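To keep things clear, I will list the structure first and then write my remarks on it.
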Amino acid sequence: MTMIEERALRAALREAAESIPVPDLGAEQILRAAERLDARPRVGFASRTRRGTESGASGFPDEHRADGDALAARRRRPRRRVLAVAAAVTAVLVISLGALATLHGARSSNLTASNAPRTAAGLAPSATPAPNDHSPGSGGVGYGPLAGTATGAQQTPTTPTLPSGAVGQSSEVEETGEVDLTVGPGQLGGVLTRLTNLATAQGGFVASTQVEAGGASATPPSSGSITLQVPEAGFGAVVAQVRTFGKVTLLTTKGTDVTGQYVDLQARIAALTASRQQYLTIMTKASSISDILAVQAQLDSLQTQIEQLQGQLQVLTSETTYGTLVVALSEHAGHPAPVHHRPSGIDRAWHGALSGFAAAFDGLIRIAGPALFVLLCVAALAVLGRWAWRETRRRTL
Amino acid sequence: MTHGSKDAGDLGGWLAESYDRSFRTACLLLGNRADAEEAVQEAFLRAWRFRASLGTGASLTPWLYRVVVNTCWSKLRREVPHRDRRADASGLDGIASTAISPEEHSGRDELSRSLVRALGELPAHLRVVVVLRYYADLNDGQIAIAIGRRPGTVKSRLHEARSRLAANAELRGLAVEDDDAAEEGFS
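Quick note, the sequences are listed as chains A and B, same order.
Here our numbering is used: position 325 in the first sequence is 1656, and no number is missing along the way.
Here our numbering is used: position 57 in the second sequence is 42, and no number is missing along the way.
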């Protein structure tokens, strides 16, 4: 490997450099400009094109504009950078605020929809059902083991929105619910009594009861169900109370808006009643037997239809007046009495080894998550650091 | 020259004295007269603006070179890449060729031109240390101040630069054996 000889290199380089002509007034004009720069305020530097220096030998083609141009150019750069950063921050803030406002608006809309009063549907203009809204006709929301929760969840009956066109008509909602409760051994009868008292206290009644007693060995344990009819106004309170009577494994509530059917039945009854009234008027004017019989046949038909519709209306009224809550009860099996025996030393050692192994394995799995997170953070920092280091190296000699 | 008092008159005189060398250093680094003029102008204005932070005595020269080198480096990084690199290489060559008349093209002149060409082919971080050492006559410590690196880095870069220059076919006449060069370079 050979190296360049230093003295020769120095001499050759110096000779090459000395052959470069230097602008005659370069230093003088720069210093003059620098002195002017001191005399003038630091703002309001005159603008100049970057290549303007090429037009003159000294780099200051116009004495009136050249003062501090270089510094001004350098000052503009950071200012531009600051402006760009400020613009970016402002944009991010605006977007964030916009997103927040949108989210807030959507939430408010949902709240308005779910809290709309039951009466006077016309007063609930924003009654758009939310995705999680317990809207009528959409079915209840079930919580339980099948839904992925073992302990059951709490679903408070919500107020459904009213159908359009039902202005002035009270909302008629049919509420139904189903609760699966697990109670302690021997508590089934007591819970049934408490449920009955609860329904009665709320102004309701027990529609049906069914109990299957377990065997003497309590296998399978006792179970049963009770159907409560409670006033619609106290339905939510009853559901809340029932949940405290045992361990909830399933809770489903459903509200069905039957206002449309209600209004329809009422309208049809009113129309048929009006027709019947007209036939009665005709009846008073009928003179022949055949006319009387014909009108009577029509009246009978109308009366039958009216009674059928009134029956349906009564059923509907009953369903909307009382909510139906079916509570399924089951006793959980008592724990079998543990068989005590004195373990030997080998047994203890073996179980100790097993539990130690399991504990170590658990610990390994437990720390795997945080360790992975830390590793990811370290990797991200390493990438960032490497990038910053490269940037620094690139920017410096 | 000591500028511990940071007097504007003294500084102005010293900058005027340093202009030629600074300009030629910038020319060798940038390979372009216009860029060199701009860089020196900017560096001097910056030196003037920040004269309050000037060092004293021996540290003044490397400080000025540091400003010049940084300005040149900024130009190389931001502006020169937008132009044709080949044009820059020929620009370095042109600096020497335009300065020397055809009649003066002796063997030594040819060597200078070859050296300038070879210098233009060096990476900027190596070109800087060569110019500062062999033209500006700065020692390792001063060069380290000027480029913001450790003296050890300066030595290794000088070594690499001389090795690369020796590999240039046009500079074979300046090449010596490694041992001698190493002794000189690291003494």
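By construction, the Cβ of each residue, glycine as well, lies at the ideal position given by its N, Cα and C atoms.
As the structure is a prediction and not an experimental result, all values here were calculated from the model.
So is G1508(A) buried or exposed if we call it buried at 16+ other beta carbons inside 10 Å? Counting from one through the first sequence, the residue named residue 1508(A) turns up at place 177. By the 10 Å Cβ count, G1508(A) comes out buried.
Report the three-state DSSP secondary structure of Q127(B) (helix, strand or coil). By one-based count along the second sequence, residue 127(B) stands at place 142. Helix, per DSSP.
C-beta neighbour in chain A for G126(B), strict 9 Å: To locate residue 126(B), count along the second sequence from 1; it is residue 141. Chain A contact via Cβ: absent.
Could you work out which residues of chain B lie near E1359(A), taking near to mean beta carbons separated by less than 8 Å? Sequence index remark: in the first sequence, residue 1359(A) carries index 28 (1-based). Near E1359(A) (Cβ distances below 8 Å), the residues of chain B are A1.
Do you know how far the Cα of G1716(A) is from the Cα of E162(B)? Translated into the one-based positions of the second sequence, residue 162(B) becomes position 177. Translated into the one-based positions of the first sequence, residue 1716(A) becomes position 385. Straight-line Cα distance between these residues: approximately 41 Å.
Quick one: what's got a C-beta closer than 6 Å to V52(B)'s C-beta in the same chain, skipping five residues either side? Position 67 of the second sequence holds residue 52(B). Taken in chain order, the residues that qualify are A28, R31, A32.
Does any CB atom of chain B fall closer than 9 Å to the CB of R1412(A)? Position 81 of the first sequence, counting from 1, holds the residue named residue 1412(A). So, not an interface residue.
Starting from the beta carbon of T1333(A), find every residue of chain B whose beta carbon is closer than 7 Å, and list them in chain order. Numbered from 1 along the first sequence, position 2 holds the residue referred to as residue 1333(A). A151, A160, V161, E162, D163, listed in chain order.
Is any beta-carbon of chain A found at less than 9 Å from that of G(-3)(B)? Counting from one through the second sequence, the residue named residue -3(B) turns up at place 12. Answer yes: the Cβ-Cβ gap between G(-3)(B) and chain A drops below 9 Å somewhere.
Can we say the segment 114 to 129 of chain B touches the segment 46 to 61 of chain B, given the rule of at least three CB pairs closer than 8 Å? yes
Residue-chain proximity (R1345(A), chain B), Cβ-Cβ < 9 Å: For the purposes of this step, residue 1345(A) is identified with residue 14 of the first sequence, where counting begins at 1. So yes, R1345(A) belongs to the interface.
Quick check: is the beta carbon of A1365(A) nearer than 9 Å to any beta carbon in chain B? Counted from its first residue, the first sequence places residue 1365(A) at position 34. Chain B contact via Cβ: present.
Could you tell me the distance, in whole angstroms, from the CA atom of A1711(A) to the CA atom of G1700(A)? Working through the first sequence from its first residue, we reach residue 1711(A) at position 380. Working through the first sequence from its first residue, we reach residue 1700(A) at position 369. A1711(A) and G1700(A): Cα-Cα distance of roughly 17 Å.
Show which residues of chain B have a CB atom less than 9 Å away from the CB atom of R1341(A). In the first sequence, residue 1341(A) corresponds to position 10, counting from 1. Near R1341(A) (Cβ distances below 9 Å), the residues of chain B are R118, Y119, Y120, D122.
Quick check: the segment 1613 to 1633 of chain A against the segment 1560 to 1569 of chain A, are there 3 or more CB pairs under 8 Å? no
Using the Cα positions of T1584(A) and G1654(A), report the straight-line distance between them to the nearest angstrom. Here residue 1584(A) refers to the residue found at position 253 when the first sequence is read from its first residue. Here residue 1654(A) refers to the residue found at position 323 when the first sequence is read from its first residue. Roughly 10 Å separates the two Cα atoms.
Expressed to the nearest angstrom, what Euclidean distance is found between the alpha-carbon atoms of A19(B) and V1705(A)? The residue given as residue 19(B) occupies position 34 in the second sequence. The residue given as residue 1705(A) occupies position 374 in the first sequence. Their backbone Cα atoms lie some 53 Å apart in a straight line.
On the CB-based measure, 16 or more other CB atoms within 10 Å of its CB, does D1511(A) come out buried or exposed? Residue 1511(A) sits at position 180 when you count from the first residue of the first sequence. So D1511(A) ends up on the buried side.
C57(B): buried (16+ other C-beta within 10 angstroms of its C-beta) or exposed? Within the second sequence, residue 57(B) is the residue found at index 72, counting from 1. By the 10 Å Cβ count, C57(B) comes out buried.
What does P1562(A) pair with, by DSSP beta-bridge criteria? Reading the first sequence from its first residue, position 231 is the one you call residue 1562(A). For P1562(A), which the question treats as bridged, DSSP gives the partners Y1653(A).
Does the distance from the C-beta atom of S54(B) to that of I1361(A) stay below 9 Å? Within the second sequence, numbered from 1, the residue matching residue 54(B) stands at position 69. Within the first sequence, numbered from 1, the residue matching residue 1361(A) stands at position 30. A quick correction: the sequence has Val, not Ser, at residue 54(B). Their beta carbons are not under 9 Å apart, which means V54(B) does not touch I1361(A) by this criterion.
Let me check one thing: in DSSP terms, what residues is G1586(A) bridge-paired to? Here residue 1586(A) is taken as the residue at index 255 of the first sequence, counted from 1. Its beta-bridge partners are E1506(A).
Is the segment 139 to 150 of chain B in contact with the segment 1334 to 1354 of chain A, if contact means three or more CB pairs nearer than 8 Å? yes
DSSP state of G1555(A), grouped into three classes? As a first step, residue 1555(A) must be located in the first sequence, where it is residue number 224. Three-state result, G1555(A): strand.
Taking only beta-carbon positions, decide if E1349(A) is within less than 9 Å of chain B. Position 18 of the first sequence, counting from 1, holds the residue named residue 1349(A). It does: the Cβ of E1349(A) has a partner Cβ on chain B nearer than 9 Å.
Helix, strand or coil, according to DSSP, for L1633(A) in the structure here? In the first sequence, residue 1633(A) corresponds to position 302, counting from 1. If DSSP states are grouped into helix, strand and coil, L1633(A) belongs with the helices.
For V1646(A) and S1661(A), what's the separation of their Cα atoms in angstroms? For the purposes of this step, residue 1646(A) is identified with residue 315 of the first sequence, where counting begins at 1. For the purposes of this step, residue 1661(A) is identified with residue 330 of the first sequence, where counting begins at 1. Distance between the alpha carbons of V1646(A) and S1661(A) is about 31 Å.
Determine the DSSP secondary structure at E1662(A), reduced to helix, strand or coil. As a working mapping, residue 1662(A) is identified with position 331 in the first sequence. Note: E1662(A) maps to strand in three-state DSSP.
Starting from the Cα of N124(B), find the closest Cα among K140(B), L111(B), R112(B) and give me that residue. Taking the second sequence and counting its residues from 1, the one referred to as residue 124(B) is at position 139. Per the Cα distances, K140(B).
Determine, using beta carbons only, whether V1589(A) and T1651(A) come nearer to each other than 9 Å. Indexing the first sequence from 1 puts residue 1589(A) at position 258. Indexing the first sequence from 1 puts residue 1651(A) at position 320. Yes, they are a contact pair.
By the 7 Å beta-carbon criterion, what residues does the segment 3 to 21 of chain B contribute toward chain A? Y4, D5, F8, R9, C12, L13, A19
V1573(A): which of D1355(A), V1657(A), T1333(A), G1591(A) sits nearest, CA to CA? For this step, residue 1573(A) is matched to residue 242 along the first sequence. The candidate whose alpha carbon is nearest that of V1573(A) is V1657(A).
With 9 Å as the threshold, decide whether the Cβ of L100(B) is near any Cβ in chain A. Against the second sequence, residue 100(B) aligns to sequence position 115. With 9 Å as the cut-off, L100(B) counts as an interface residue toward chain A.
Per the DSSP calculation, E1543(A) is bridged to which residue(s)? Taking the first residue of the first sequence as 1, we reach residue 1543(A) at position 212. According to DSSP, which records beta bridges pairwise, E1543(A) is partnered with S1554(A).
How many whole angstroms separate the CB atoms of I1351(A) and C12(B), which I take to be in contact at a CB cut-off of 8 Å? Start at 1 with the first residue of the first sequence, and residue 1351(A) comes out as number 20. Start at 1 with the first residue of the second sequence, and residue 12(B) comes out as number 27. 5 Å between Cβ atoms; contact.
Taking P1562(A) as the reference, give the member of R1363(A), G1687(A), S1649(A) with the closest Cα. For the purposes of this step, residue 1562(A) is taken as the residue at position 231 of the first sequence. Out of R1363(A), G1687(A), S1649(A), S1649(A) has the C-alpha closest to the C-alpha of P1562(A).
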